[in-house]
Structures are given as structure tokens and as C-alpha cells.
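Asks:
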Amino acid sequence: AFRPTTLPHVGHSQPFIEATVIAPGTARASNSGDDQSVWSSVIGFEAQFKITDVITDKLETKHIYAQQMIGEIPIVNAVGNLNVGSHGEILSGYHRFVKNWKGVTMLNEPRSIVEALRVVQEFTSSSPPLIARNSELSFMRDSDGNLREVWHFSAVENHPTPPGGFHPGHPGHEEEPMVAKYNHYWQCCVDAYSLQIVVVEDLIHRVHDPFQYKVFPPPMMNPDDGPQILAEELFNWGSRFGWHGLGANYVTEKTQGNNVIATNNDETVFAHVSDSGVYEFTYDPLLDPEDQLDFCLTQLFFSNNWLHDVFYQLGFDEESGNFQDINYNRGGEGSDPVTALCHADGSNNAAMLTLPDGTPPVMFMYIWDIVSPRKDSALDFGVVTHEYTHGVSTRLTGGASYVWCLFGWQSGGMGEGWGDFFALAFHFKPTDNRMMSYGLGGYLVNNAAGVRRYPYTSDVTLNPTTWLDSEKDEYGGVHAMGTIWCIMLFEAYWNLVDRFGFDEDLLFGNGGNNLMLELIVEGMKYQPCDPTFVQARNEIMQALKFRVIWDDRALEAGYLVWAGFASRGLGVMASEGVADFTVPDDPFEFLGEGKITPASAITPQGEAPTTSSKSSPGTQSDFAIELVLIFIGVGCALLIIVQLIRSRNSNSTENPFEFELMRSVDARTPLKAAQNPYHDSNAIVVIK
Ligand SMILES: [Zn+2]
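Numbering (the UniProt record's numbering), first residue to last: 1 to 688.
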């Protein structure tokens, strides 16, 4: 009579036996509700029970809840409730008490809870290991009315958490319940002798079955890594009602959801399901991008949602200023899903406009026409990741409502470097290693080496970049500077992977790769507005130092991360213009007590003021004008900026193979004065 319930995607199954209605009666309950004779008379037989709750409402009505027991052992779901008037009269009630309980006793030597948990682990195929909570040996009634002994417990994913149970990437989020990290929260009953599964129920509700998309998902970076496959939405806690759920009760069937609106340049076209719950549009490498808009929208919707969920797990959540329409009362400002444009008006580039929390960012993915057939930047997951990461770093540095912290020569360079780094890191495979070469944007130019000066690799004969290069003229632009930052992160990352392993699970994994990704996102929250390389490195180390109390790996990781930075010249004594390749004796010694003084302590030559002389002419005025535009009014300014961006990109005559590829347009990239569209008086006219 016992069958395991299937794993529900939608709501709950209800394996329990229906409640019996208790008729209103003349029996009077006491204040405690603990009256054997009253319960016996209303349920019609004798039973042992304990009162679990008594609630009195404003009208003096009492709600009394009871759990049936056999001695000290509860019977799962055998509960009753009485609604009692102010004079003790029974108004109504229900019960699921079991009548034939007498004579039932516990058998000897049940199997252990560990064995029961193992069965559930296998049954759910949960990739994080599960732990059991609130486990209790109980009786449970089967559909024939017989009682059997079960382990009754909650099985939850065991994520690395510090003592106290809060995610380390959320400083100040001590109120956040641990459940926020769970994909599933299984309620389980497992036969205590046969270990047969009786019930496995996911307490986390799903609005709909997972949608499927025929795309090039990670670790594929672009169509060159094919073939195109059907992939499911991730469904982590960050997308509580799925990628298509807008709140609990509304599910879209087009490429518009809570995290992203994938549409065309006019924002009028969406991809719609090709079949129920499926977006299946086949990519044809010989066709022009404009002839396969549905696939572009599907891939761009998938990639943005995937990035939302993975960055959410890394700490870019509602309170940190992430991109969501509805924030589910978890802090931050809503109404700002990414508007991601396929075939945006422009060419040979990609861009991200990030505005303060609560105002939607816009991702511009252009068609590339320097190859034939033309290529679609929206299909290159690495390029999309680069742009999305601009949004993450901009919102996290200096606070979500302040988006002008990554303008400087160094900070703007790191903005590009983070983008390149995450684009690489989200697409590594178990077979990859640090001595291999990795390019970005290779799909768009038919050259796997990509669009940067050097491929990313630890092989210094192929990529000799160090902090010394920052002094060279050709590193005066933010994208070139970004390659220096990225190769430092790359070295630190691989130091951790080589020591602590590579975990393919980017949501819940515990490998060296997961650790480095978390540290980088945490560091963004700690660092100052307009950070220098040294400050950003220090805040990554600070994030690691916080882990010492709960993560066994932290001290060793400290040396490894330092070694990564030092190998590319950002060692202990590095400062602006000074490279250093040494690692400190104590990885955390240089961090000191505070957050600001350590930088000067490590840089005896003196850290440059926040704005470097390397900034291109016109940076400051661009900055000021953009500020003015923003404050004129968000709606108006957004319109203007979008128009400026579009005209800027469509008029671009720069060599896309050099440093300006994938420029971010959220006002971080210094413009050459002669090209500065903000100097066009027509822009002022539009404001009126
Ligand atoms: Zn960029």
C-alpha cells in the first residue's frame, strides 16, 4: 500500500489521509484544551495526545491543536484542532487521529537515520549532500490504516556556511534565514526497518514545470562549442518562481520574466514557446542573424537568467541591488530586470548600461559584420557574461544606488577585467587547465584566440602580462588594463583549483573554483568606490580572512591567492608604477585592523590619489555631464543615454580587435573629446 510519491514540480501531492470533521457539540473544553474526556467525546474514541498550540484570537475564540501520540512516539500527521468559543463550547474542529493504535509498540533496533538519509540522497539525486533536520522516529499510518515506524525528518542541502548558519557573502544580512540558500527542502518519511521511502515532499513550491531551451549552455561558450542542446532553467532560490514566473501566480510563455526581458531593438518582439514549455529554435551557422531572431532571443533569455541565478548564489541578491522585476520583500529595489536587446542598433560591439538599483539596466548585443556570414554577439555567452558582469561590479562597488564608482583608469580597468574573468570562469570544464589558452569573442571574429592582445593562460611565453605593463602607453585604456587584472585573477583562481579541485556545480559546488568566484564577489562589496588594484586585491584577501573562523581552507588559500597576484607583479610591495613579485609571510598580516589604512601600509611609495593621471582627457567632464543627465530625471535621462549610446556605437570607427571591444556604456569608458556625443548641443534639446 506504500508507494513513494514522485518528485513534484508543481505544488504538493497530498499523501495523508483526509481529516474527519468534528461536529459542534455541547462538551466544554478547558483553557488548556488538555481534556482527555473532551477529545474522546468529539473524536469518538480514546487516544493519547499532547497539546501543541493554543491560540486565542480577538473574539476570545480558542484554537487548540493536538498531536496524537503512542507513549512518547508521535504519529505523523495525526493531528487535530478544536475551535472553542469564549465559554468553552466546541464550535468546530477536525482530526486525523488513528483509532486502532492500542497495542502498537516500537519494534527493536530500527535502522539509523544516516541510512534513511542516504536513501533520500539517492532518491532525489541532490548534487549537494543532504543533511537531516528535526529527525524523529515516528509512527505513520499507511493507506490501509496500519501503523508502521518511520524516520520523519527534513532533508536539506548542506551548503558551506559559517557557524550560526549565515552565508558569508552577505555581510549585514544576519536576518536572512538559511532557507534562502536552498533549492529544495524535502520533508521525508522513510520506513525505519525496510528503508522504503514513504514520502519525499518538496516544501518549496514551484509555479510551473521547468521550461526548456535549445541553446548553447555553459560550459559551452558559444556555438563553436556545440552542439545545441536542450537545457532546463536552473530553478534556484534566486528565481523563486522560475524564469517565467512574475510573482506566484503568473507565468509568461515568452522571453519575458522576472530577471530579464529579452527582446529586439524596438522592444516589440519576443520569442514564444515553440511547444508547451519548450523553446526550440535551431541555430543555422550559415544563416544571417536577422533570419534567426527567435533563437537569438531564446539564447539571450537563457544566458541572462543563468547569470542571474549563478551570481545570486555568489552573493549578488536583491539586497545587494540585483536585477529583478519583483524582489519578494527581500530588500533592494525591484522593477529592474535586464532589458536585453538582440540585434541592437549598432555593430561590432556589445554594451551594458547600468543605472541605480530600481532602474532597469539595458544590455545591447550587436551584430558583427566584419565576418561573413555576419555573427550575433548575443550567441556568445562569454560576451554576454562580460556585459552582465559590468552590471554586477557596478551595482556592488560603492552601493547599489551609486553607479559611478568604476570610472578611473584602474577601477575602470578592473571593471573590464572582472568581465573577462567571469566570462572565462563560467565556461571552464574539468578537462581545462591553466596552461591552455583561452580567448574571448573568438566566435565573433572566427578566431579562437579572441579579441584581446594576448590569450589568457599561465603560460608566460604566450601571455607575459604583468603589473609593470600598466605603465605602458598601450595600457592606457580600460580594456587593456582589464587584461592585467584578469590575468591576476586567473592565476589566483588556478592556484585554488589546483589545490582544492574543480567543481562543475557552479551553484552549490565547493571546489577551489567556487571559492575564488565567491571571494571576488564578496570583495566587490568590501572595496571602496573607485578602487585601485591594490585595494581590490586587499578586499579579496579581507573576504578570505573572514572565512578563517569557519573554512579550513582559508589560511592556505590566503597564500595561494597572494601568490596568484604576486606572480603577475601585484605582490606585497606593489604600488602604482611599482611591480613586486613577493608574497607576505602571513597572508592576512597586511590587512591590519581597518579597511583603508592597509593600502598605504603596503605601498610605502604612496598610493596615487583616486584618479590617475593616466585617465584619458575628458574623463572628468564626461563624468560630470553624465551625472547631470542622470539627475535631470531617470526616465528622461535614460532615453537620452540610450540614444547617445546607440549613436555612439553605430558611428564607431574604432578597431574592434584592439582595446575597445565590449566597451561598457554605463559611462565608465572615457571617451575621446572629439567623439564625445555629450558635447553635441542636440542632446540638451532632447532634454526639453
Ligand atoms: Zn567591458
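We treat Cβ as the ideally placed atom computed from N, Cα and C, and that holds for glycine.
Rounding to the nearest angstrom, what Cα-Cα distance links M140 and S393 in this structure?
Replies: Each residue's alpha carbon lies about 52 Å from the other.
Asks: By alpha-carbon positions, which one of N447, G558, A47 ends up nearest to G71?
Replies: The shortest C-alpha separation from G71 is found at A47.
Asks: In angstroms, rounded to a whole number, what distance separates the CA positions of K545 and S127?
Replies: Near 28 Å, if we compare the C-alpha coordinates of S127 and K545.
Asks: Identify which residue in G476, N327, S567, G277 has its Cα closest to the Cα of T252.
Replies: Cα-wise, what sits closest to T252 is G277.
Asks: How about residue 698: is its Cβ closer than 8 Å to a heavy atom in ligand 1?
Replies: Residue 698 lies beyond the residue range present for the chain, which begins at 1 and ends at 688; the question has no answer from this structure.
Asks: For G482, is the beta carbon positioned less than 8 Å from some heavy atom of ligand 1?
Replies: Yes, the beta carbon of G482 sits closer than 8 Å to at least one heavy atom of ligand 1.
Asks: Measuring CB atoms only, is the region 316 to 332 touching the region 290 to 297, in the sense that at least three cross pairs come out at less than 8 Å?
Replies: The answer is no - the region 290 to 297 does not touch the region 316 to 332, with fewer than three Cβ pairs under 8 Å.
Asks: By DSSP's criteria, F364 is part of a beta bridge. Which residues make up the other side?
Replies: Bridge partners of F364: L341, A351.
Asks: Quickly, what does DSSP pair M140 with across the bridge? List them, please.
Replies: For M140, which the question treats as bridged, DSSP gives the partners R148.
Asks: At a threshold of 8 Å, does E471 count as lining ligand 1 (C-beta to nearest heavy atom)?
Replies: Not under cutoff, so the answer is no.
Asks: If we call anything under 9 Å between Cβ atoms a contact, is G33 one with L82?
Replies: Yes, these two residues count as a Cβ contact at 9 Å.
Asks: Roughly how many whole angstroms lie between the Cα atoms of D191 and E136?
Replies: Using only the alpha carbons, I get a separation of about 12 Å.
Asks: Inspect the CB distances between the region 574 to 594 and the region 466 to 474 and report whether three or more fall short of 8 Å.
Replies: Yes, the region 574 to 594 touches the region 466 to 474.
Asks: Of the residues Q410, Y312, H184, Y94, which one's Cα is nearest the Cα of V79?
Replies: Nearest of Q410, Y312, H184, Y94 to V79, Cα basis: Y94.
Asks: Rounded to a whole number of angstroms, what is the C-alpha to C-alpha distance between R434 and A492?
Replies: Distance between the alpha carbons of R434 and A492 is about 11 Å.
Asks: Between which two residues does the beta strand (DSSP E) harbouring D294 extend?
Replies: Note, D294: premise wrong, no beta strand (DSSP E); alpha helix (DSSP H) at 293 to 314.
Asks: Express the C-alpha separation of G476 and M363 in angstroms, rounding to a whole number.
Replies: Those two C-alpha atoms are separated by around 25 Å.
Asks: I want to check one thing, is the minimum distance from the CB of G415 to the heavy atoms of ligand 1 below 8 Å?
Replies: Yes, since a heavy atom of ligand 1 falls inside the 8 Å radius drawn around the Cβ of G415.
Asks: Any idea which residues DSSP pairs Y279 with across the strands?
Replies: For Y279, which the question treats as bridged, DSSP gives the partners Y213.
Asks: Since I believe Y213 is in contact with A231 (beta carbons under 8 Å), could you give me their beta-carbon distance rounded to a whole number of angstroms?
Replies: Sure, about 6 Å apart at Cβ, within 8 Å.
Asks: Are three or more beta carbon pairs between the region 257 to 270 and the region 328 to 348 nearer than 8 Å?
Replies: In short, these stretches touch, since the Cβ pair count reaches three.
Asks: Tell me S20's beta-bridge partners as DSSP assigns them.
Replies: The residue you asked about is not Ser; residue 20 is Thr in the sequence shown. H95.
Asks: Could you pull out every residue in the same chain whose Cβ sits closer than 7 Å to the Cβ of L539, ignoring the five residues on either side in sequence?
Replies: Checking the sequence, you will find Glu at residue 539 rather than Leu. Same-chain partners within the cutoff: G523, Y526, Q527.
Asks: Quick one: what does DSSP say D202 is sitting in, helix, strand or coil?
Replies: Strand, per DSSP.
Asks: Give a single yes or no on whether H479 has its beta carbon closer than 8 Å to a heavy atom of ligand 1.
Replies: Indeed, a heavy atom of ligand 1 lies less than 8 Å from the Cβ.
Asks: Please find out if some non-hydrogen atom of ligand 1 comes closer than 8 Å to the beta-carbon of E387.
Replies: E387 Cβ: within cutoff of ligand 1.
Asks: Three-state secondary structure (DSSP) at E333?
Replies: It is coil, neither helix nor strand.
Asks: Which runs of the alpha helix (DSSP H) fall wholly inside the region 531 to 564 and span at least 4 residues, in chain order?
Replies: Runs of the alpha helix (DSSP H) inside the region 531 to 564: 533 to 546.
Asks: Below 8 Å, is the gap between the Cβ of H63 and the nearest heavy atom of ligand 1?
Replies: For ligand 1, not one heavy atom lies less than 8 Å from the Cβ of H63.
Asks: The alpha helix (DSSP H) that contains V43, what's its start and end?
Replies: Correcting the residue type first, residue 43 is Ile in the shown sequence and not Val. Element bounds for I43: 36 to 43.
Asks: Tell me the residue span of the beta strand (DSSP E) that contains residue 766.
Replies: Any question about residue 766 goes unanswered here, given that the chain covers just 1 to 688.
Asks: For V179, count neighbouring C-beta atoms within 10 Å of its own C-beta (all shown protein chains included) and say buried if the count is 16 or more, exposed if not.
Replies: The pLDDT assigned to V179 is 42, lower than 50, so where the model puts this residue is not dependable, and the model offers no usable value.
Asks: Comparing C-alpha positions only, which one of W237, N327, G442 sits nearest to N348?
Replies: Nearest option by C-alpha distance: G442.
Asks: For a test of your reading of the model: does the CB of H427 fall under 8 Å from any non-hydrogen atom of ligand 1? Yes or no.
Replies: Outside the cutoff, so no.
Asks: Could you give the C-beta distance for M365 and V384, rounded to a whole number, given that I count them as a contact under 8 Å?
Replies: Contact holds; Cβ gap of about 7 Å.
Asks: Is H390 near ligand 1, judged by its Cβ being under 8 Å from some heavy atom?
Replies: Yes - ligand 1 has a heavy atom lying nearer than 8 Å to the Cβ of H390.
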